[in-house]
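Asks:
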Amino acid sequence: MKVWIVLIPLGALQMGSGLFLLWDILGSILGISSSPIAWVYYELAQIGAVIGLILGMVVSAVLMLRSIRRQRAAEESLRLASGAFMDVLQERFAEWELTPAEKDVALFSIKGLSTADIAGLRNTSEGTVKAQTNAIYRKAGVSGRPQLLSLFIEELMGEPIAVAPPSDTPQVIEKAS
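Add 379 to a position in the sequence shown, counting from 1, and you land on the number used in the numbering used here.
#1: Could you say if the segment 434-454 and the segment 467-484 meet the contact criterion of at least three C-beta pairs nearer than 8 Å?
#2: State the CB to CB distance for the pair Phe399 and Ala428, rounded to an integer number of angstroms; the pair is presumed to be in contact (CB under 8 Å).
#3: If you drop the 5 nearest sequence neighbours on each side, which residues of the same chain put their C-beta closer than 7 Å to that of Leu528?
#4: Is the CB-CB distance between Leu535 and Ala519 below 8 Å?
#5: Between the segment 475-482 and the segment 506-522, can you find at least three pairs of beta-carbon atoms closer than 8 Å?
#6: When the Cα of Gly395 is compared with those of Gly431, Ile411, Tyr420 and Glu422, which residue comes out closest?
#7: Give me, in chain order, the residues of the same chain whose beta-carbon lies closer than 7 Å to that of Leu477; leave out the 5 immediate sequence neighbours on both sides.
#8: Taking a contact to mean a Cβ-Cβ separation below 8 Å, would you say Gln393 touches Gly462 in this structure?
#9: Between which two residues does the alpha helix (DSSP H) holding Thr478 run?
#10: Using the C-alpha atoms, what's the distance from Val437 back to Ile404?
#11: For Glu505, which of Thr512, Asn513 and Ala495 has the nearest alpha-carbon?
#12: Around the C-beta of Ala498, are 16 or more other C-beta atoms found within 10 angstroms, so that it is buried, or is it exposed?
#13: Entirely within the segment 483-517 and at least 4 residues each: give me those alpha helix (DSSP H) ranges in chain order.
#14: Between Gly406 and Ser414, which are expected to be in contact by the criterion C-beta below 8 Å, what is the C-beta distance as a whole number of angstroms?
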């Protein structure tokens with residue numbers, strides 16, 4: 380059911396109910412009189428206005444509870460996706476037979492840290508980190524960090540593609556005439 384189909388008429392009902400009650404109270408306070416109507420109709424109008432406001436409050440509460448449920452479901456999905464991403468990382472690292480040091484470097488690299496930052500965190504030289512990243516790229520069959528990241532992004536998107544290892548010979552692209 381479209382929420383707007385309910386919200387627009389309900390909003391109009393609430394607005395009308397609120398304005399009726401406000402007019403009634405201000406009329407009493409300021410001494411503004413309106414054309415007299417039968418007491419029964421006046422009471423029915425007041426009851427209708429109050430019912431309209433209560434109905435609006437109930438529908439608002441229902442919509443808020445729905446929204447909270449959706450938010451919790453989205454948070455749970457995000458939590459599961461985060462856990463799934465780490466599972467995918469660990470599976471790939473095992474497939475590629477990375478050493479524990481290479482696993483650390485690969486994880487830091489995927490997180491976007493620079494070679495210098497990784498070296499600082501691991502208390503090693505930048506040369507060691509560069510050698511480890513090259514070993515990671517070779518074992519993963521990619522030529523650099525962007526391709527390494529794309530392997531995981533494509534897998535999460537459900538569209539993994541095979542990445543050919545970089546060739547040592549330059550490719551010549553012929554111009555179509």
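In this text, a Cβ means the ideal position worked out from N, Cα and C, and glycines have one as well.
Replies: In brief:
#1: no
#2: That pair is a contact at about 5 Å.
#3: Ile489
#4: no
#5: yes
#6: Gly431
#7: Ala485, Ile515 and Lys518
#8: no
#9: Unbroken run through Thr478: none, as it is neither H nor E.
#10: 24 Å
#11: Ala495
#12: Ala498 should be labelled buried.
#13: Taken in chain order, the complete alpha helix (DSSP H) segments of 4 or more residues contained in the segment 483-517 are 494-501.
#14: Gly406 to Ser414, Cβ: 12 Å. No contact.
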